[in-house]
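Here the protein sequences line up with chains A and B, keeping their order.
Each step along the first sequence adds one to the number in the UniProt record's numbering, with nothing skipped, and position 428 is 428.
Each step along the second sequence adds one to the number in the UniProt record's numbering, with nothing skipped, and position 296 is 296.
There are 2 protein chains.
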Amino acid sequence: MPNQVPTSASSAANDQLCINTLRTLAMDAVQKANSGHPGTPMALAPVGYTLWSRFLRYHPEHPDWPNRDRFVLSAGHASMLLYGLLHLAGVEEIDADGTKTGQPAISLDDIKQFRQMDSKTPGHPEYRYTTGVETTTGPLGQGCANSVGMAMAQRWLGSRFNRDDLKLFDYNVYVICGDGDMMEGVSSEAASMAGHLKLSNLCWIYDNNTISIEGHTELAFSEDVMTRFKGYGWNTLHVTDANDTEALAKAFEQFSQTHDAPTLIMVDSVIGYGAPNKQNTAAAHGEALGDDEIKLAKKAYGWDENSSFSVPEGAAHHLRDTLLAHHGERYEQWERQLQTLSEREPELAEQLRRMRAGEMPAGWEAELEAFDTDAKGLATRAAGGKVLNAFAKKIPWLLGGSADLSPSTKTNLTFDGAGSFSATEPGGRNLHFGIREHAMGAIANGLALCYIRPYTSTFLVFSDYMKPPIRLAAIMELPVVFVFTHDSIGVGEDGPTHQPIEHLTQLRATPGLLTLRPGDANETTQAWKIALAQTDRPSCIVLSRQPMATLDRERFASAEGVARGGYVLADSDNPQVILIATGSEVGLAVEAYEQLQAQGIPARVVSLPCWELFEEQDAGYREHVLPAAVTARVAIEQAGPLGWDRYVGATGAKVVMNSFGASAPIDKLQAKFGFTVDNVVKLAKEQIG
Amino acid sequence: MPNQVPTSASSAANDQLCINTLRTLAMDAVQKANSGHPGTPMALAPVGYTLWSRFLRYHPEHPDWPNRDRFVLSAGHASMLLYGLLHLAGVEEIDADGTKTGQPAISLDDIKQFRQMDSKTPGHPEYRYTTGVETTTGPLGQGCANSVGMAMAQRWLGSRFNRDDLKLFDYNVYVICGDGDMMEGVSSEAASMAGHLKLSNLCWIYDNNTISIEGHTELAFSEDVMTRFKGYGWNTLHVTDANDTEALAKAFEQFSQTHDAPTLIMVDSVIGYGAPNKQNTAAAHGEALGDDEIKLAKKAYGWDENSSFSVPEGAAHHLRDTLLAHHGERYEQWERQLQTLSEREPELAEQLRRMRAGEMPAGWEAELEAFDTDAKGLATRAAGGKVLNAFAKKIPWLLGGSADLSPSTKTNLTFDGAGSFSATEPGGRNLHFGIREHAMGAIANGLALCYIRPYTSTFLVFSDYMKPPIRLAAIMELPVVFVFTHDSIGVGEDGPTHQPIEHLTQLRATPGLLTLRPGDANETTQAWKIALAQTDRPSCIVLSRQPMATLDRERFASAEGVARGGYVLADSDNPQVILIATGSEVGLAVEAYEQLQAQGIPARVVSLPCWELFEEQDAGYREHVLPAAVTARVAIEQAGPLGWDRYVGATGAKVVMNSFGASAPIDKLQAKFGFTVDNVVKLAKEQIG
């Protein structure tokens, strides 16, 4: 069914009023804040407006309609375009619990508070903070890559919940992006993936304004974007004038009629359109235009030059009325279809309810994967693969994959019916991201924004390639699970380029993110459980390449201690020294502990797999685990030293990596860098003094 | 002048022997190490060999010849291909000082030590570690982007040192890359830039083997790479059989005759070629083939099945002899041209000598930029711009630029003659990287590998986009300067997506990297001086968006203390509390200090702009700055807390960012997050107790 809704000649005047209202609100808001980006909203107001008024499936009373089209402003600095649209559309606010507040998503007062503390109109659009913002954007390229995840989610949701007579999920995803998005590598990765998956529900609108901050884009950017996207397998269209709303409508129509490829619409625009002295220059990009220039621009629009934050009568309700007229019945129909599903397949409908609410299936954490004591043990990546598969069987909307490393990261879902997600098999749960870590992270964020619980995986050292979306998952409070294996010099012969050193610290330094590095197979089970139990923060699960002993949990403490971030794993009466370790070094700490015991030296081993959770415990618990009176301490971790002072103090010893690693077999590396029982025992004794 | 060197029918048999020697050495080395990647060397031996024997300008006795062609193995996992070539070419070892050791770069024994501790044949090729390795590769896409920097360097060097009759720099850059390189976004950024700059001296050889780790590349990668590269403005060629050395030679010939665009040669290959059961499967990619399969492959090559590490007589000297025959005279001619330059323009020749030796011009640090005391002050980004320009005037080979943010990062070189680097003006010193942070970092590494002192700049939050090349600069010990401005919530209204929190910690966690966050304009001068004085490590200079007071250096200590990483800036007799700050918070610490003084409380302010340098000081100095006896301490930094425990201990106070920031004017943010004089004074008093 084509998406376009009919328009009438009589509303054309109001349409133009709305377009100019978007422009003038953007100018006025930036001017009042004396901060922001007016030029792109001025240029793209006709694009945004044409899309919203004639194509975007959106119900202003139900901005959480699961089957709404998604509008992503990847060019997040043009936030006033989005805020203006949300205002004119009369979108109604919904709080974090899904409850209507009775307030507009964006009032005119909110627009006057643009970029002010605690306003609903921050400098860049922030998901969860402002109703109608589908994803947090600003860091360029991220919105583009998020959109691929959103479009994949539609395919998967449709495959799962649609029936011949029920079309619960057939939404489209529209993205506004600029030169910066086109230049960033993450968009290239995402575009290649979208073409590969033939995501015909995805439409990127490329604002070709030829102006970047340093000047004309010709300074640095002269590629033929259309040809490049043809190479990715996209349908490419060109609109030569952003003000030609009929040409835009025709392009959107062509998009809706394309069923085998994503669509790129390149739109030539004039940044700061209408501002006679600044349009088409970098001066219109990122600062207030100034009162005089604003007056001249308003004059050019046929606007009252002396008005400010003016929303004319003809614009005040026009977009909302249009949306209600075109999508009201469609929304009701969707609700009826959902009701039909509930009656026919109540369990499936319950799944969808839980997905929308961010709840897990009942009993998802019953009968957790347990591993027997085993001195030889297994790599935590291997344990992780088993645990993931066990959970995934119980959580049908847990899906994910790897950046072409699943045989190494062990994250493939291997049970019957898991399948591989592809253009022809959109119900598959194994995602093949290709060697595109950055897009993988951002696509996972897009999936999470559409009810799915995604995981990703690659080697820990390549977390560097995907840090920007990890950060955005944390800012957006999305419970994405990022699996990172090959987490230390245990990588061995691949050498320093593949051996992470600083990465644990990097992840721990990121606010709002859990970093879990389990110390054996049973801690791995707990780590996955904790990560999946999160509703409002992402987790990194950091796993070893090499085998690790599965500890005897009758003799040592239960792995459930992981839930508190750190716990006493092995103890003695009146311990004289505390060995603190994470991940693959927990086993080393236990071995050292046993040798100290044999020598009559009472010691304690603390497993500290998640610093963030440990810091969240009350002071009493932390003191119980790490009593201040025991100052003799040895930290053991195959990662950089930064941060360990918190736990070992100024006088503690640290068996850590103070340099990059080296290419050699693992045993040689362990010896070279001091990760031996003898060295830990020696340092422990020195600590006792 | 075309690069191809003639070949004779008589040598064809030896050529094939060499090709098969490369293959069998790769198989044997991986088998012995029981670790590594045999399949790509087996597939690409004819490609590497044809290039080296007939096109690559290379003198085995002078692998540091400045005008040699660069051979970059971006597919670094195929390291045995490179090691094999270096061995067959008889390349002679040169140590870090540029002295010949009398040893081969790679002996047969070295190949037998593949992937062993301290061998010259680590898992991935490591620059500085093995003569003939032009750049450290392995993390995919990096070599591709490095190569763009190397090709740009040729343009710049040629513009500076060539004369009508002297062609000191006209080298080409060849890259071997694979599917992974094609998928990674950084290569896309770099390719777009190379096309824009019409780098016709750049040739990427794309190994289209259609096999990735998860299986056939069709799982995730179905784009039309050739069309995409046409979009970037590249010349694209296709060789349909990697074993067709004449077709390869023809393609290289076409490359050398193309003068207006870089060239992509897509070569269809069979991974693990010759291994009957494993070729063309992922099993040939990343593990030893096994003795049986190796025997079968050797049989297929017409090799002695029972031989191991065999280099037949016809292969032992053939490549070296070929290279000497073809490039010996050319090298001599180059040396004569250099001599001519020395006679005609001794100062210029001296510059080149210093560039090659990694030395600075004489007097480069005389008369440093000094800033007068100024309460209003200026942003350190603004001070940084002045300092950079002052240094750049004295250091002709200091060049760099920004990821489309130079008006904000203030890194433009503005003096006469600095100019912009472009396809038509290759002598320009301002580089326009476009909105491509990741490629920017990797291109800077490529420039640094070719005698140039590069700097880059963007906002600190976007250091996330370029972490992989920062890491590689540290691993390679390249003295690149990475400038990061807008270094805190001081960014203000742009909000949390643009406000770095964890980034200082990330950079500090990276081994071999200096992170400098100067506290006022004069500390900025020192920071730049320190960064430029480095010969074997990269530096990050972290600068503010907002103005900061320029401190009275008569009243307070000299900014030269930056050289020791941290120093006592302001003091009292018997201080009761130490305020420790970096960057924009140094001024806040001084204000709090003054208020404490006024209240009769003796305090000390320590400016700690570079943790790494401070840790390198002797214990006495560190104790002098931070006496253990003074435990009342307050750390002040607009960044995350991780790592500060080292300086304030378990009981110290931290005025830091424990969450993401927010979108609001700077003064509101400072108040919200506790960066006020009142708060610091309050905490200081609490610390004293």
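Where is the CB? At the ideal position from N, CA and C, for every residue including glycine.
- Secondary structure of A:R57 (DSSP, three-state): coil.
- For A:R356, the enclosing alpha helix (DSSP H) starts and ends at 346 to 357.
- Counting along the chain, A:Y174 sits inside no alpha helix (DSSP H); it lies in the beta strand (DSSP E) bounded by residues 173 to 177.
- With respect to chain A, the C-beta atom of B:Y232 has a partner C-beta closer than 8 Å.
- Among the residues of chain B, none has a CB under 9 Å from the CB of A:L85; the nearest is roughly 19 Å distant.
- Residue environment: B:T99 is assigned as exposed (fewer than 16 neighbouring CB atoms within 10 Å of its CB, all protein chains considered).
- Around the CB of A:T135, 16 or more other CB atoms lie within 10 Å, so the residue is classed as buried.
- The beta carbons of B:V656 and B:W644 sit closer together than 8 Å.
- Its chain contains M548, T550, L551 as the residues whose beta carbon lies nearer than 6 Å to that of B:D520, once the 5 sequence neighbours on both sides are disregarded; these appear in chain order.
- As DSSP reads the structure, A:L431 sits in a beta bridge with A:G401.
- In terms of Cα proximity to B:V562, the closest of B:G587, B:A589, B:V186, B:W528 is B:W528.
- Secondary structure note for A:A379: it is in no alpha helix (DSSP H), and the uninterrupted beta strand (DSSP E) holding it is 374 to 379.
- For B:D268, the uninterrupted beta strand (DSSP E) run begins and ends at 263 to 268, by DSSP.
- Out of B:P665, B:E615, B:I213, the CA that lies nearest to the CA of A:S408 is found in B:I213.
- Under the Cβ distance rule, B:I501 counts among the residues neighbouring chain A, one pair being separated by less than 8 Å.
- Here A:A96 is exposed: its Cβ has fewer than 16 other Cβ atoms, across all protein chains shown, within 10 Å.
- The criterion of a C-beta distance shorter than 8 Å is not satisfied by A:F675 and A:P496.
- For the set B:I475, B:P575, B:T524, B:M42, the Cα lying nearest the Cα of B:R537 is the one of B:I475.
- About 12 Å separates the CB atoms of A:G48 and A:L25; that is not less than 8 Å, and the two are not in contact.
- Assignment of B:D165 by DSSP, reduced to helix, strand and coil, places it in the coil class.
- For the region 651 to 673 of chain B, the set of residues with a beta-carbon nearer than 8 Å to any beta-carbon of chain A comprises M657, N658, S659, F660, A662, S663, A664, P665, K668, L669, K672, in chain order.
- Against A:K467, the close residues of chain B are D464, K467, in the order they occur along the chain (beta-carbon pairs closer than 7 Å).
- In this structure, B:G428 keeps its C-beta atom at 8 Å or more from the C-beta atom of B:G434.
- Contact note: B:E287 does not reach chain A at a C-beta cutoff of 9 Å; the least C-beta distance is about 10 Å.
- Distance from the CA of B:F114 to the CA of B:T131, rounded to the nearest whole angstrom, comes to 15 Å.
- Cα atoms of A:K32 and A:T515: separation of roughly 41 Å, rounded to the nearest angstrom.
- The alpha-carbon separation between A:W364 and A:L532 amounts to approximately 10 Å.
- A direct Cα-Cα distance of roughly 17 Å separates B:E218 from B:T227.
- Three or more Cβ pairs closer than 8 Å define a contact, and the region 237 to 244 of chain A falls short of that threshold against the region 182 to 196 of chain A.
- DSSP, reduced to helix, strand and coil, places B:H318 within a helical segment of the structure shown.
- A:Q257 sits exposed, since fewer than 16 C-beta atoms from the chains shown fall within 10 Å of its C-beta.
- Using a C-beta cut-off of 8 Å, the region 498 to 508 of chain B makes no contact with the region 155 to 168 of chain B, since fewer than three inter-stretch Cβ pairs fall below that distance.
- Shortest Cα-Cα distance from A:K250 to any of A:R54, A:V481, A:L460 involves A:R54.
- Classified as exposed, B:E332 has fewer than 16 neighbouring CB atoms from the shown chains inside 10 Å of its CB.
- Between B:F169 and B:N67 the beta-carbon gap is near 6 Å, inside 8 Å, which marks them as a contact.
- Residue environment analysis places A:E343 among the exposed positions, since fewer than 16 neighbouring C-beta atoms fall within 10 angstroms of its C-beta.
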